[in-house]
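Undergrad: Could you have a look at this structure, given as structure tokens, before my questions?
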Amino acid sequence: MKVDNPWRIYTSKDKMAAYIEIEKEAFLEEDAVLIHESIEKQLHDQGIVHGIKDSKLTSIDLSVNEPILIAEGKKPINGEDGRLEILANLDTSINRRDHWDYREVMRIPNVTKGQLLAKLILPKQGIDGLDVTGRVLKAKDGKPKKVRAGKNVVWKEDVHSFFAASDGQISINNQQIQVLPVFKVNESISMKTGNLDFVGNIEIHGDVPSGFEMKAEGDIRIHGVVEGAKIIAGGSVFIMEGIAGKNIGSIQAGNDIILGYCNHSFIQAGNDLYVEKSILHSDCTVIGHVYCKLGNIIGGSVSAGKTMEAKDIGNRLGIKTEIAFGINKNEYEKEKQLIYQKNKLEEDAKKIKSLGQRLRNGSAENNQKLRLSLLRQRNLLKQTEEEIHLIDQSLLVIQSTIGSEHEASLIVRNFIHPNVIISFGKYKRIIKSAHHFVKIKVSKNEIDIIPLFE
């Protein structure tokens with residue numbers, strides 16, 4: 000060799016790769032073995048011990064005019080979340096990637112006693128990674144899907160599956176799966192029918208005018224138009240035509256909401272929102288996805304916990320339209336309240352345990368009054384621990400739905416117009432000029448607009 004160590008070894012900022020730069024003029028082929036040994040020693044001295052590419056060291060390619068990758072880390076692989084696999088033949092399922100027949104979802108998903116309804120798929124553990132220095136990069140384990148058996152449904156632990164305990168209609172939301180009776184109305188809602196409040200599913204073959212309230216523990220299906228009425232369902236809401244809310248109409252569902260159109264209305268969906276045509280001047284809060292592939296979102300505010308897709312957003316007149324992603328504020332507030340309650344209960348449990356210890360130290364076994372106090376203490380402790388367990392279960396459900404702005408994205412199939420305000424958590428961007436066929440997401444702590452190619 001003409002000079003000592005005619006190379007430089009360095010790592011990337013994240014320590015996931017190590018490179019070598021070589022002075023070719025100072026490199027002699029006959030010194031290749033010695034250089035190999037020297038490079039290996041320097042790698043060790045610099046703490047580079049994992050993912051070393053021996054083949055690159057034994058045959059260094061001098062024709063390459065750029066740094067050579069000689070060590071590479073292994074990225075962590077996050078586990079997959081648990082999920083509910085629906086096995087009953089439901090016509091209400093929608094594949095968001097394909098063109099879906101809107102009217103098919105109005106079919107009623109009837110099931111029979113003993114029928115297999117769904118299977119709970121367990122979460123998968125993550126696989127830890129390593130950087131080139133051997134530092135372990137922890138992977139996130141998948142979160143369990145928390146769904147319980149509701150009315151007329153049996154859970155079998157040995158096969159992780161739900162079965163129908165009676166004939167009826169299946170209703171599913173994020174927290175439970177049920178088989179419910181159905182209440183049918185074969186005309187439009189009027190003073191003759193009045194408001195409805197039913198423990199099962201409701202099916203209306205007509206319209207729901209302004210001023211009425213429809214409430215069901217399961218699903219609500221309306222084969223007509225909803226005006227300025229209030230629709231509340233523990234499961235999903237399906238409206239064949241759509242809702243023209245007149246700024247007073249609202250829909251609240253524990254699971255999906257599927258509509259023909261949405262005008263001047265208030266929407267809250269515990270899972271996804273599907274709109275066949277357009278969302279106009281409405282306030283929509285959705286924990287999952289918003290899917291408006293063939294229509295427009297103009298005016299109002301639409302927020303999603305995960306992704307959103309629409310043909311156009313805003314319009315040429317520059318009507319203010321707000322699009323938000325990430326943390327669901329309502330769920331976030333619920334989480335904070337539950338954590339506060341849990342902390343308080345845990346403090347109470349400590350005090351109850353301390354009281355029990357004092358009672359036991361006071362020879363409670365020989366004193367009837369103390370024995371009764373000790374029994375009450377044990378019952379109170381058991382009740383408190385059960386309440387803590389229930390809160391833990393609720394927290395798991397909420398934490399799986401809160402969402403993350405870094406995992407969210409907006410797909411625009413045609414144009415996004417000026418004066419559309421896009422928020423991803425704490426990140427905000429106002430669209431100044433029209434963009435065509437784009438994907439918008441957070442990247443490197445800023446909102447990026449990326450051309451979308453099919």
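Numbering (numbering that gives the first Met the number 0), first residue to last: 0 to 453. Where a beta carbon is used, it is the ideal one built from N, C-alpha and C, also for glycine. Remember, predicted model here, so these are calculated numbers, not experimental data.
Considering Cα atoms alone, identify which of 198, 245, 250 is closest to residue 221.
TA: On the sequence shown, residue 221 is found 222 positions in, with the first residue counted as 1. The shortest C-alpha separation from residue 221 is found at 250.
Undergrad: Taking the runs of the beta strand (DSSP E) that are 3 residues or longer, which of them lie wholly in the segment 42-91?
TA: 67-71, 82-85
Undergrad: Verify whether the separation of the beta carbon atoms of residue 280 and residue 305 is less than 9 Å.
TA: One-based indexing of the sequence shown puts residue 280 at position 281. One-based indexing of the sequence shown puts residue 305 at position 306. Contact flag unset, no.
Undergrad: Taking the Cβ atom as the reference point for each residue, do residue 420 and residue 439 lie within a distance shorter than 9 Å?
TA: To locate residue 420, count along the sequence shown from 1; it is residue 421. To locate residue 439, count along the sequence shown from 1; it is residue 440. It is not a contact, given that the beta carbons lie outside the stated cut-off.
Undergrad: On the criterion of 16 or more Cβ atoms from any shown chain inside 10 Å, does residue 392 qualify as buried, or is it exposed?
TA: Indexing the sequence shown from 1 puts residue 392 at position 393. By the 10 Å Cβ count, residue 392 comes out exposed.
Undergrad: Return the CA-CA distance between residue 37 and residue 12, expressed in angstroms with no decimal places.
TA: Here residue 37 is taken as the residue at index 38 of the sequence shown, counted from 1. Here residue 12 is taken as the residue at index 13 of the sequence shown, counted from 1. Using only the alpha carbons, I get a separation of about 24 Å.
Undergrad: Under the rule that 16 or more other beta-carbon atoms within 10 Å means buried, what is residue 211, buried or exposed?
TA: In the sequence shown, residue 211 corresponds to position 212, counting from 1. With 16 or more Cβ atoms within 10 Å of its Cβ, residue 211 is classed as buried.
Undergrad: Compute the distance between the beta-carbons of residue 312 and residue 416, then report whether it is under 9 Å.
TA: Start at 1 with the first residue of the sequence shown, and residue 312 comes out as number 313. Start at 1 with the first residue of the sequence shown, and residue 416 comes out as number 417. Yes, the Cβ-Cβ distance between residue 312 and residue 416 is below 9 Å.
Undergrad: Can you tell me whether DSSP reads residue 273 as helix, strand or coil?
TA: Taking the sequence shown and counting its residues from 1, the one referred to as residue 273 is at position 274. In this structure, residue 273 counts as strand in the three-state DSSP scheme.
Undergrad: Please state the DSSP three-state secondary structure of residue 96.
TA: Locating residue 96 in the sequence shown gives position 97, where the first residue counts as 1. A caution first: residue 96 carries a pLDDT of 48, below 50, which makes its placement in the model too unreliable to give a value.
Undergrad: Please work out which residues of its chain come closer than 7 Å, Cβ to Cβ, to residue 51, disregarding the five sequence neighbours upstream and downstream, and give them in chain order.
TA: As a first step, residue 51 must be located in the sequence shown, where it is residue number 52. Cβ neighbours of residue 51 beyond the five flanking positions: 42, 69, 70.
Undergrad: Using 8 Å for Cβ pairs, my map puts residue 16 next to residue 146. What's the rounded Cβ distance?
TA: Taking the sequence shown and counting its residues from 1, the one referred to as residue 16 is at position 17. Taking the sequence shown and counting its residues from 1, the one referred to as residue 146 is at position 147. No, residue 16 and residue 146 are not in contact; Cβ-Cβ is about 42 Å, not under 8 Å.
Undergrad: Look at the alpha carbon of residue 119 and the alpha carbon of residue 135, and state the distance between them as a whole number of angstroms.
TA: The sequence position of residue 119 within the sequence shown is 120, counting from 1. The sequence position of residue 135 within the sequence shown is 136, counting from 1. Residue 119 and residue 135: Cα-Cα distance of roughly 31 Å.
Undergrad: Give the straight-line distance between the Cα atoms of residue 353 and residue 85, rounded to the nearest whole angstrom.
TA: In the sequence shown, residue 353 corresponds to position 354, counting from 1. In the sequence shown, residue 85 corresponds to position 86, counting from 1. In a straight line, the C-alpha of residue 353 is about 47 Å away from that of residue 85.
Undergrad: Tell me whether residue 140 sits in a helix, a strand or coil according to DSSP, three-state version.
TA: Translated into positions along the sequence shown, residue 140 becomes position 141. The answer is coil: DSSP assigns residue 140 none of H, G, I, E or B.
Undergrad: Leaving out five residues on either side along the sequence, give the residues of the same chain with a beta carbon under 7 Å from the beta carbon of residue 423.
TA: Reading the sequence shown from its first residue, position 424 is the one you call residue 423. Answer for residue 423: 324, 325, 404, 407, 441, 446, listed in chain order.
Undergrad: Would residue 256 and residue 268 be called neighbours here (beta carbons separated by less than 9 Å)?
TA: Residue numbering aside, residue 256 sits at position 257 when the sequence shown is read from its first letter. Residue numbering aside, residue 268 sits at position 269 when the sequence shown is read from its first letter. Yes, these two residues count as a Cβ contact at 9 Å.
Undergrad: So residue 46 packs on residue 128, CB below 8 Å; how close in whole Å?
TA: One-based indexing of the sequence shown puts residue 46 at position 47. One-based indexing of the sequence shown puts residue 128 at position 129. With a Cβ gap of about 17 Å, residue 46 and residue 128 do not count as contacting.
Undergrad: Going by the CB atoms, is the gap between residue 246 and residue 234 shorter than 9 Å?
TA: Counting from one through the sequence shown, the residue named residue 234 turns up at place 235. Counting from one through the sequence shown, the residue named residue 246 turns up at place 247. Taking 9 Å as the Cβ cut-off, residue 234 and residue 246 do not qualify as a contacting pair.
Undergrad: Out of 169, 381, 49, 318, point me to the one whose CA is closest to residue 430's CA.
TA: In the sequence shown, the residue the question calls residue 430 occupies position 431. The shortest Cα separation from residue 430 among 169, 381, 49, 318 belongs to 318.
Undergrad: Any chance you could list the beta strand (DSSP E) runs of at least 3 consecutive residues sitting entirely within the segment 287-365, in chain order?
TA: 289-303, 306-312, 320-324
Undergrad: Quick one: grab the DSSP three-state call for residue 449.
TA: Start at 1 with the first residue of the sequence shown, and residue 449 comes out as number 450. Reduced to three states, the DSSP call for residue 449 is strand.
Undergrad: Which value, in whole angstroms, describes the spacing of the CA atoms of residue 274 and residue 58?
TA: Reading the sequence shown from its first residue, position 275 is the one you call residue 274. Reading the sequence shown from its first residue, position 59 is the one you call residue 58. Rounded to the nearest whole angstrom, the CA to CA distance from residue 274 to residue 58 is 60 Å.
Undergrad: Checking the sheet assignment: what are the DSSP bridge partners for residue 202?
TA: On the sequence shown, residue 202 is found 203 positions in, with the first residue counted as 1. Answer by DSSP bridge pairing, in chain order: 183, 220.
Undergrad: Give me the DSSP bridge partner(s) of residue 9.
TA: By 1-based counting over the sequence shown, the position of residue 9 is 10. Beta-bridge pairing links residue 9 to 18.
Undergrad: May I have the straight-line CA-CA distance separating residue 168 from residue 258, to the nearest angstrom?
TA: Working through the sequence shown from its first residue, we reach residue 168 at position 169. Working through the sequence shown from its first residue, we reach residue 258 at position 259. About 20 Å.
Undergrad: Assign residue 188 to one of three DSSP states: helix, strand, or coil.
TA: The residue given as residue 188 occupies position 189 in the sequence shown. Coil.
Undergrad: Quick one: residues in its chain with C-beta nearer than 7 Å to the C-beta of residue 340, no 5 flanking neighbours on either side, listed in chain order?
TA: Numbered from its first residue, the sequence shown carries residue 340 at position 341. Around residue 340: 390.
Undergrad: So, is residue 332 buried or exposed, given that buried needs 16 or more other C-beta atoms within 10 angstroms?
TA: Start at 1 with the first residue of the sequence shown, and residue 332 comes out as number 333. Residue burial is scored here from C-beta neighbours: residue 332 has fewer than 16 other C-beta atoms within 10 angstroms and is therefore classed as exposed.
Undergrad: Could you give the DSSP three-state label for residue 438: helix, strand or coil?
TA: In the sequence shown, the residue the question calls residue 438 occupies position 439. Residue 438 carries a strand assignment under DSSP once its states are collapsed to helix, strand and coil.
Undergrad: Nearest by alpha-carbon distance to residue 175: which of 162, 385, 181, 185 is it?
TA: Along the sequence shown, one-based indexing puts residue 175 at 176. Among 162, 385, 181, 185, the Cα nearest to that of residue 175 is on 162.
Undergrad: Alpha carbon to alpha carbon, what distance is there between residue 219 and residue 271?
TA: Indexing the sequence shown from 1 puts residue 271 at position 272. Indexing the sequence shown from 1 puts residue 219 at position 220. Distance between the alpha carbons of residue 271 and residue 219 is about 15 Å.
Undergrad: Looking at residue 413: is its Cβ nearer than 9 Å to the Cβ of residue 320?
TA: As a first step, residue 413 is located in the sequence shown; it is residue number 414 there, counting from the start. As a first step, residue 320 is located in the sequence shown; it is residue number 321 there, counting from the start. Their beta carbons are not under 9 Å apart, which means residue 413 does not touch residue 320 by this criterion.
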